[in-house]
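Notes follow once the structure below has been shown.
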Amino acid sequence: MRGMICREVEQFELIELEEPAFVPGEAIVRIKRIGICGTDMHAYKGNQPFFSYPRILGHELSGVIERIGDNEEGFRQGDRVSVLPYLHCGACVACRNGKTNCCTQMRVLGVHIDGGMRELISVPVTHLINANGLSLDEAAVIEPLSIGAHAVRRSELRPGENALVIGAGPIGLGVMAFAKQRGAQVIAMDIHDERLAFCQQWAKVDHTVHTRKDPDLQLLRLTEGEYPTVVFDATGNAASMTDAFRYVAHGGKLVYVGLVKGEIAFDDPEFHKREMTLMGSRNATKEDFLHVLEVVGSGAIDVGSYITHRSSFEEMIDRFDDWLDPRSNVIKAMVELS
Ligand SMILES: NC(=O)c1ccc[n+]([C@@H]2O[C@H](COP(=O)([O-])OP(=O)(O)OC[C@H]3O[C@@H](n4cnc5c(N)ncnc54)[C@H](O)[C@@H]3O)[C@@H](O)[C@H]2O)c1
Ligand SMILES: [Zn+2]
Ligand SMILES: [Zn+2]
458 MRGMICREVE QFELIELEEP AFVPGEAIVR IKRIGICGTD MHAYKGNQPF
508 FSYPRILGHE LSGVIERIGD NEEGFRQGDR VSVLPYLHCG ACVACRNGKT
558 NCCTQMRVLG VHIDGGMREL ISVPVTHLIN ANGLSLDEAA VIEPLSIGAH
608 AVRRSELRPG ENALVIGAGP IGLGVMAFAK QRGAQVIAMD IHDERLAFCQ
658 QWAKVDHTVH TRKDPDLQLL RLTEGEYPTV VFDATGNAAS MTDAFRYVAH
708 GGKLVYVGLV KGEIAFDDPE FHKREMTLMG SRNATKEDFL HVLEVVGSGA
758 IDVGSYITHR SSFEEMIDRF DDWLDPRSNV IKAMVELS
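Sequential numbering of the sequence shown, starting at 458, is according to my numbering.
Given below as structure tokens:
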């Protein structure tokens with residue numbers, strides 16, 4: 458079978474790989490779609506910490522079950538599936554407390570261990586999501602959308618609350634869509650006008666704010682002088698994450714969905730006077746995947762326009778550099794296997 462290996466920084470190679478052996482408790486999945494995200498881009502460019510090469514990337518996956526044994530979940534050969542790529546240990550303190558998304562021994566397919574850029578992959582049956590009601594494209598974007606769904610669930614956002622989402626990339630867009638699903642008033646903030654326009658059209662956000670156009674004043678105006686009660690930062694930008702403290706209402710919450718490698722410093726009085734709750738949000742759980750599956754299945758999320766770029770497995774190597782260029786306006790690139 459064919460597999461795409463990231464041999465070293467900036468070097469992909471389509472090679473012949475051995476097919477995975479069938480293991481009880483696992484299923485062999487024929488991969489059909491691989492979504493590409495920032496993590497893959499960073500791995501390719503060599504700025505992903507703790508990354509080792511060679512590595513088979515790919516963690517936003519959908520496909521069809523090729524082989525499976527008896528299983529309690531009722532999966533059968535030929536079922537369309539989405540893959541939960543976060544392999545957790547099941548024994549650590551986080552796992553025991555149901556927080557498998559932040560397992561201390563976390564191994565993410567395509568990040569810490571080889572992922573889905575290959576024709577066949579073996580996946581624990583527990584990490585398959587039945588996606589028979591969805592298209593292959595829809596099944597493959599459950600993972601990136603679940604990151605946003607998890608952050609929103611974690612924030613306990615309530616209907617009618619003012620939520621601010623800073624950063625309108627594929628992750629922030631998911632946060633916006635699920636914040637709207639919860640019935641919140643959603644304000645999107647970014648430094649790019651085109652991205653803000655996309656938020657309005659795609660996520661149906663209520664308002665947009667340009668970061669460089671007096672955001673303080675605009676936020677006060679939009680929230681009757683109170684500021685948003687929940688602020689999500691999905692920029693991956695340290696300056697934005699620091700500034701975000703100032704945009705939280707008294708008694709409100711700040712959720713870091715985006716992440717940076719370094720330290721974030723904040724002004725304690727700004728934090729304390731608000732009695733602010735600061736949260737990290739990492740990955741997602743099976744519960745989030747199932748929720749996203751339901752919402753996508755209901756037709757409430759336009760997956761078609763979220764996927765902006767496509768390529769075959771063969772074309773991917775040449776297209777990758779293009780997808781890294783912000784001028785290509787990529788939201789989600791999708792690799793298709795026949
Ligand atoms: N929580 C998780 O488990 C998880 C999973 C995947 C990705 N992430 C992280 O989420 C973040 C976003 O990912 P993405 O793929 O959407 O990234 P992206 O780079 O495509 O999007 C980031 C957006 O933020 C905007 N932005 C940057 N600096 C800004 C600033 N100062 N003010 C306002 N907007 C600003 C950019 O214009 C862009 O639209 C990254 O840090 C990524 O590592 C987190
Ligand atoms: Zn991803
Ligand atoms: Zn664990």
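Every residue gets a Cβ at the ideal spot worked out from N, C-alpha and C, and that includes glycine.
Being a predicted model, the structure only gives us computed values, none of them experimental.
According to DSSP, residues forming a beta bridge with residue i
| i | result |
| --- | --- |
| Ala484 | Ile525, Val580 |
| Val687 | Ala620, Lys710 |
| Gln642 | Asn619 |
| Asp647 | His667 |
| His766 | Ala790 |
| Glu530 | Glu530 is not bridged to any residue. |
| Phe549 | Reading off the sequence shown, one finds Cys at residue 549, where the question assumed Phe. DSSP, once it has assigned bridges, lists no residue as partnering Cys549. |
| Thr734 | Lys710 |
| Ile472 | Gly460 |
Residues near residue i by beta carbon distance below 7 Å, same chain, minus five either side
| i | result |
| --- | --- |
| Met633 | Val622, Val643, Ala645, Cys656, Ala660, Val662 |
Other residues of its chain near residue i: CB distance less than 6 Å, five sequence neighbours each side excluded
| i | result |
| --- | --- |
| Asp571 | Ile513 |
| Ile462 | Glu470, Ile472, Pro511, Ile513 |
| Phe635 | Gly605, Ala606, Val609 |
Contact with chain B by residue i, beta-carbon distance below 7 Å
| i | result |
| --- | --- |
| Ala484 | Chain labels in this structure do not include chain B; a single protein chain is all it has. |
Nearest residue (CA-CA) to residue i, options the options
| i | options | result |
| --- | --- | --- |
| Ala695 | Lys637, Ala722, Glu483 | Ala722 |
| Glu751 | Met458, Cys546, Leu577, Ser592 | Ser592 |
| Cys494 | Leu781, Ile472, Met458, Gly682 | Leu781 |
| Ala620 | Val609, Ile628, Asp759, Arg533 | Val609 |
| Asp700 | Val787, Asp647, Cys546 | Asp647 |
| Ile586 | Met458, Ile522, Val480, Gly631 | Ile522 |
| Thr692 | Gly626, Lys637, Ser755, Leu735 | Gly626 |
| Arg744 | Ala478, His584, Glu483 | Checking the sequence, you will find Glu at residue 744 rather than Arg. Comparing Cα positions, the closest option is His584. |
| Gly460 | Ile578, Arg678, Arg615 | Ile578 |
| Arg524 | Phe479, Phe508, Cys559 | Phe479 |
Through-space distance from residue j to residue i, alpha-carbon basis
| i | j | result |
| --- | --- | --- |
| Ala790 | Lys730 | 43 Å |
| Val550 | Lys556 | 8 Å |
| Val568 | Glu727 | 36 Å |
| Glu576 | Ser795 | 9 Å |
| Gly640 | Phe689 | 16 Å |
| Glu476 | Val486 | 11 Å |
| Pro672 | Ser697 | 12 Å |
| Val792 | Asp650 | 27 Å |
| Leu653 | Phe746 | 26 Å |
| Met574 | Gly682 | 49 Å |
| Phe702 | His766 | 35 Å |
| Cys546 | Val565 | 11 Å |
| Val705 | Ile758 | 28 Å |
| Ile788 | His664 | 20 Å |
| Arg553 | Arg776 | 42 Å |
| Ile774 | Gln562 | 31 Å |
| Asp724 | Gly631 | 29 Å |
| Val760 | Val749 | 12 Å |
| Pro685 | Thr668 | 15 Å |
Same chain only: Cβ atoms within 8 Å of residue i, ignoring 5 sequence neighbours per side
| i | result |
| --- | --- |
| Arg611 | Val712, Met736, Ser738 |
Inset, instruction - Indicate whether the contact test is met: 3 or more Cβ pairs, each with one atom in the stretch 503–512 and one in the stretch 459–467, closer than 8 Å. - result: yes
Inset, instruction - Could you tell me whether the stretch 481–491 touches the stretch 593–609, where touching means 3 or more Cβ pairs closer than 8 Å? - result: yes
Inset, instruction - State whether the stretch 509–523 contacts the stretch 701–720, with contact taken as three or more CB pairs (one from each stretch) at a distance under 8 Å. - result: no
Inset, instruction - Take every Cβ of the stretch 519–533, pair it with every Cβ of the stretch 541–550, and state whether three or more of those distances are shorter than 8 Å. - result: no
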